[in-house]
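Everything on this sheet refers to the single structure shown next.
Residue numbers (the working numbering): 5 to 812.
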C-alpha cells in the first residue's frame with residue numbers, strides 16, 4: 005500500500021496502458037483515523053453518489069458506523085479507483101447538522117415535530133387541492149441523486165395516482181439536453197458508447213466537458229492512455245484552461261454562445277474533404293443532404309470570426325475528427341448550458357453518423373450526465389417523460405403504461421409536452437401550482453435568476469414541502485421539512501453515464517427519525533389511499549426490491565430493458581443495460597448493427613425543431629419514417645439573445661469545481677473538500693483585469709442586469725472576454741455573508757428543444773472593490789490554476805492521505 009494526498013493529487017498515480025489493452029487495476033481506500041482494513045466489520049457494496057461516473061466502492065462499517073470506503077477492483081467502471089469526492093464525501097453522512105426529525109412552520113418558524121403531524125399537513129393540503137383546483141395544482145421537483153426505485157415510485161404517484169403533469173428533476177439544469185439530443189438523433193435516450201471506448205480510441209473529442217474535474221476517475225483512465233504506448237489525440241472545446249485543455253492536441257476556446265457556428269464549420273470541413281463513410285450514410289441514416297446544404301457556407305473563416313478563433317485551428321480540429329480511425333466524443337455542460345444547446349449537441353452526434361463511428365470499440369458518443377442518477381430520472385419518468393422511454397405522443401405507449409399500472413389511460417397526463425422545471429416555477433409564480441414537493445435538491449441556489457426564485461418559493465399561497473438530509477437554503481423557506489436517509493443508509497440501484505447499473509445496499513441505519521425517500525413516498529401514497537382500478541394500493545410495492553421488480557416489468561421491451569438484471573446479479577458488480585434474456589451480461593455498446601430505435605411505433609419521441617423547439621407531429625414523423633435509421637438534423641447558427649455590450653462587455657459562465665458537488669449540501673460538510681475550495685472566487689483573464697487594475701486576490705464585483713456577486717479575483721489563462729463563477733456557493737455562508745451565489749446573475753432563458761436553462765449566456769461586467777490581502781480561495785490543481793502570481797499550492801495534508809494498491 006502507498007499513501008498520497010488526494011487533494012493535491014486528485015487523479016492519483018499513473019498506471020499506463022496501450023490501445024486495446026485492459027486498464028490496470030488500482031485499488032484506492034480511505035479510512036478514518038485508527039481504522040485498518042482488517043478491523044472493519046463489514047464491507048457493503050455501493051457506488052459514487054457525488055458525480056455521474058459510477059465508481060464502484062465498498063462502504064466500510066464498524067460498530068454500526070460508516071468509517072471509510074474502498075474501490076472495487078473487479079468493477080468495469082473504475083477498476084478500483086476512487087476520486088476525492090468518493091474518498092472523503094461519506095463523512096457528510098455523519099455531520100452533526102443532519103436533519104433527524106420532521107419540521108413544520110409555526111408562527112413563521114420551523115419547529116421539530118413527529119412524522120404523523122408533518123405528513124398530515126401534506127395530506128390535508130393535497131386532498132384540498134385535489135378536491136378543488138385539481139391535480140395540476142400539485143407539482144414535484146426532484147433530484148439526480150435518489151435511487152431508481154424512488155424515482156419510479158414518485159413517477160407512479162405523480163402520473164398514475166394523482167394525474168399531474170408537473171414532475172421534473174434538477175436534471176433539467178444538468179442533462180436535459182443530453183436526453184433531447186439522443187432522442188433527436190437516435191430516436192431514444194440512452195448513451196451509445198461505453199467507458200471502455202477510452203481503451204480503444206485513437207482520438208477523444210471533449211466538447212464543453214471538463215472531465216478532469218467532473219469525473220476524476222474517467223480522467224485518470226484518459227491520463228493512463230496518454231501515458232501509454234499508443235496515446236490518443238485529444239480535442240478540447242472549452243473557454244477555460246482546464247487540465248483537458250492542457251493535455252489537448254488541439255484546444256479550441258470559442259466565445260461562449262457560439263458553439264453552433266463552430267460545429268457547423270467542423271461538419272463543413274468533414275464534408276468538404278470527403279471524410280465520410282458513404283456506405284454507412286446510405287444504409288443507416290437520413291437527412292444528410294439537408295445538412296450538407298446548410299453547412300456549405302460555414303467555412304472556418306466565417307465561424308472563426310463569430311467564435312473569435314483562428315480558422316487554422318478549426319481546420320486542425322476538423323482534421324483530427326476526420327482522420328481518426330476510432331473516435332470517441334463526450335459532451336457536457338459547456339454545450340448543454342449554452343446557447344443553442346440541443347442543436348449543438350446533435351451536431352456532435354452528426355459527426356459520428358457521418359463517419360460511421362458508432363457501435364464499435366473506440367467509436368462512440370457519450371452525452372454525459374452530471375449527477376449520479378440523472379439517467380434514472382429520465383428512465384423512470386421523474387423528469388416528466390413517461391417511464392421506460394415511452395412516447396407521450398404515442399397513444400399505444402400511454403395505453404401500455406395504463407395497463408401496467410391498472411389505471412385509466414386518460415388519467416395519465418399526455419396531451420402535451422411534460423411540464424419542465426422552469427415552467428413549474430412560473431405556474432407557482434402565477435398561483436396555479438399550489439403545492440410543490442422538492443426532494444434532494446436546492447433550487448434556492450441552483451436555479452437561474454435567484455431573486456425571482458426566492459420570491460416564488462416564499463409565496464404565501466405556495467405550500468412548499470422539502471425532503472432532504474440538511475437544512476438547505478430551500479428548506480429554510482419550506483412549510484414542511486422531511487428528514488431523509490442518505491446514501492449508505494438505504495438500498496437501491498442507480499445508473500451512471502454509460503448505462504452501468506450498480507446496487508447500493510444499506511450499510512447503516514439513518515440518524516434519528518430520518519427515513520428513506522422510498523419509504524416517505526410510499527407513506528404518502530398510503531395516507532392518501534391511492535388505489536388502482538382493481539382497488540389495490542397504488543403503488544402496490546412495499547420496499548426497494550419489490551419496487552425494482554416492478555420497474556423491471558415496466559422496462560421490458562423498451563430500450564432501457566432491465567428484465568434480466570436482478571439484485572443478485574448486481575451484487576457481483578455493475579452491468580450495462582439493456583440486460584435481457586438474449587443479453588444476460590448486459591450490452592457494452594448500442595447500435596452495433598446500425599439499427600436505431602427510430603421507428604414511429606417504438607421511438608421515444610417524434611422529435612422537435614432544433615431552432616424553435618416546436619414538436620414534430622406524429623403524422624409528419626410517420627410521413628418521413630426513418631425505418632430504424634439514424635436522423636441527421638441540421639440547424640443554422642443564431643446569435644445569443646444577450647450578447648456582450650458596452651455596458652456589459654464580458655460573457656459570464658458558471659460551472660463546477662472538482663472539490664464540490666451541486667450546492668455543497670454535502671461537500672461543504674467534508675473538511676478535506678471544503679478546505680480545498682472554501683469560498684466563491686471570480687476567474688478572469690489578464691487582458692480583462694488590466695484596465696480595471698485588478699490583481700490576484702482583489703475583491704471584485706461581477707454584475708449583470710439582474711444582480712451582483714462579490715468574490716476574490718483569480719487571474720487565469722481563461723480566454724479574454726469571459727468571466728467564470730463556480731455555482732456551488734449559496735446565498736449565505738457560515739458568517740452570514742451574501743452576494744456570492746452565481747445564479748444571482750444568470751438569466752431565465754431556456755434552450756427551445758430541451759428546456760434546459762442556459763447558465764452560460766449572460767452578459768456581465770466587473771469592478772474592483774478593494775485590494776486583496778492574499779490569493780483567491782480557488783484551487784490551484786484545476787482549471788482555476790493561477791497564472792503569473794505566486795500562489796501556494798492546494799494540498800490536503802495528513803487528513804487527505806489515502807491508500808492505493810497497484811496489486812489490486
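Where a beta carbon is used, it is the ideal one built from N, C-alpha and C, also for glycine. Values in this document were obtained by computation on a predicted structure and should not be read as measured data.
#1: Given a cut-off of 9 Å on the beta-carbon distance, is the pair residue 784 and residue 89 in contact?
#2: Just verifying my parser: in three-state terms, what is the DSSP assignment at residue 728?
#3: Do residue 191 and residue 608 count as a contact pair if the criterion is CB distance below 9 Å?
#4: Rounded to whole angstroms, what's the CA-CA distance from residue 425 to residue 400? Just pull it up for me.
#5: For residue 58 versus residue 97, is the C-beta distance shorter than 9 Å?
#6: How close, in whole Å, do the beta carbons of residue 370 and residue 501 come, if the pair is a contact with beta carbons under 8 Å?
#7: Given a threshold of 16 other Cβ atoms within 10 Å of its Cβ, counted over all protein chains shown, does residue 350 qualify as buried or as exposed?
#8: Can you pull the DSSP bridge partners for residue 504?
#9: Are the CB atoms of residue 723 and residue 259 nearer to each other than 9 Å?
#10: Contact check, residue 167 vs residue 139 under 8 Å by CB: the rounded distance?
#11: How would you call residue 293, buried or exposed, if buried means at least 16 neighbouring beta carbons within 10 angstroms?
#12: From the DSSP output, in three-state form, read off residue 130 for me.
#13: Taking the beta carbon of residue 135 as the centre, do at least 16 other beta carbons fall within 10 Å, making it buried, or is it exposed?
#14: Exposed or buried, which one is residue 557 when buried takes at least 16 other CB atoms within 10 Å?
#15: Could you have a look at residue 669 and say whether DSSP puts it in helix, strand or coil?
#16: How about residue 84 and residue 75: are their beta carbons less than 9 Å apart?
#17: Which word fits residue 325, buried or exposed, when buried means at least 16 other C-beta atoms lie within 10 angstroms of its C-beta?
#18: Pick helix, strand or coil for residue 49, following the three-state DSSP scheme.
#19: What does DSSP give as the partner residues of residue 334 in its beta bridges?
#20: When the Cβ atoms of the segment 425-435 are set against those of the segment 615-635, are three or more pairs found closer than 8 Å?
#21: Which stretch, first to last residue, makes up the beta strand (DSSP E) that contains residue 9?
#22: Does the beta-carbon distance from residue 200 to residue 319 come in below 9 Å?
#23: Between the Cα of residue 679 and those of 603, 798, 586 and 713, spot the shortest distance and give me the residue it belongs to.
#24: With a Cβ-Cβ cutoff of 9 Å, do residue 240 and residue 340 count as a contact?
#25: Apply the 10 Å Cβ neighbour rule to residue 49 and answer buried if 16 or more other Cβ atoms are within range, or exposed otherwise.
#26: With a threshold of 16 other CB atoms inside 10 Å of the CB of residue 297, please say whether the residue is buried or exposed.
#27: Taking the C-alpha atoms as reference points, what is the distance between residue 386 and residue 555?
#28: Please classify residue 377 as buried or exposed, where buried requires at least 16 other C-beta atoms within 10 Å of its C-beta.
#29: Measure the C-alpha to C-alpha separation of residue 122 and residue 469 and round it to an integer number of angstroms.
#30: Please report the straight-line C-alpha distance between residue 648 and residue 243, rounded to a whole angstrom.
#31: Do you know whose CA, among 108, 116 and 601, lies nearest residue 394's CA?
#32: Please state whether the Cβ-Cβ distance between residue 295 and residue 256 is less than 9 Å.
#33: Applying the criterion that 16 or more other CB atoms from any shown protein chain within 10 Å of the CB defines a buried residue, is residue 43 buried or exposed?
#34: If you follow the beta strand (DSSP E) that residue 767 is part of, which residue opens it and which one closes it?
#35: Going by beta-carbon coordinates alone, are residue 604 and residue 422 separated by less than 9 Å?
#36: Whole beta strand (DSSP E) runs in the segment 635-660 with 3 or more residues, listed along the chain?
Inspection of the coordinates gives the following:
#1: Result no, Cβ atoms of residue 784 and residue 89 do not sit closer than 9 Å.
#2: Per DSSP, reduced to three states, the secondary structure at residue 728 is strand.
#3: Closer than 9 Å, so yes.
#4: Near 27 Å, if we compare the C-alpha coordinates of residue 400 and residue 425.
#5: Not a contact, by the Cβ cut-off of 9 Å.
#6: Taking a contact as a CB-CB distance under 8 Å, the pair residue 370 and residue 501 counts as one, their CB atoms being some 6 Å apart.
#7: With 16 or more other Cβ atoms within 10 Å, it is buried.
#8: Answer is 580.
#9: Taking 9 Å as the cut-off, the beta carbon of residue 723 is found closer than this to the beta carbon of residue 259.
#10: The distance from the Cβ of residue 167 to that of residue 139 is about 4 Å, consistent with a contact at the 8 Å cut-off.
#11: Counting other Cβ atoms within 10 Å of its Cβ, residue 293 stays below 16 and is therefore classed as exposed.
#12: Under the three-state reduction of DSSP output, residue 130 falls in the helix class.
#13: Residue 135 is exposed by the Cβ-count criterion.
#14: So residue 557 ends up on the exposed side.
#15: Three-state result, residue 669: coil.
#16: Yes, the Cβ-Cβ distance between residue 84 and residue 75 is below 9 Å.
#17: Buried: at least 16 other Cβ atoms inside 10 Å.
#18: Strand, per DSSP.
#19: According to DSSP, which records beta bridges pairwise, residue 334 is partnered with 210 and 370.
#20: Touching, no.
#21: From DSSP, the beta strand (DSSP E) with residue 9 extends over 6-9.
#22: Here residue 200 is not near residue 319, since their CB atoms are 9 Å or more apart.
#23: The shortest C-alpha separation from residue 679 is found at 798.
#24: Not a contact, by the Cβ cut-off of 9 Å.
#25: By the 16-neighbour rule on beta-carbons within 10 angstroms, residue 49 is buried.
#26: Exposed, by the Cβ-count rule.
#27: Going from the Cα of residue 386 to the Cα of residue 555 covers about 13 Å.
#28: Only buried fits residue 377, as 16 or more other CB atoms lie within 10 angstroms of its CB.
#29: C-alpha separation (whole angstroms): 10 Å.
#30: For residue 648 and residue 243, the distance between alpha carbons rounds to 16 Å.
#31: Of all alpha-carbon atoms in 108, 116 and 601, the one lying nearest the alpha-carbon of residue 394 is that of 601.
#32: Judged by beta-carbon spacing, residue 256 lies beyond the 9 Å limit of residue 295, meaning their Cβ atoms are not closer than that value.
#33: Taking all protein chains shown into account, residue 43 has fewer than 16 neighbouring C-beta atoms within 10 Å of its C-beta and is therefore exposed.
#34: Residue 767: member of the beta strand (DSSP E) spanning 766-774, first to last residue.
#35: The answer is no: Cβ separation not under 9 Å.
#36: Qualifying beta strand (DSSP E) stretches, in chain order: 654-659.
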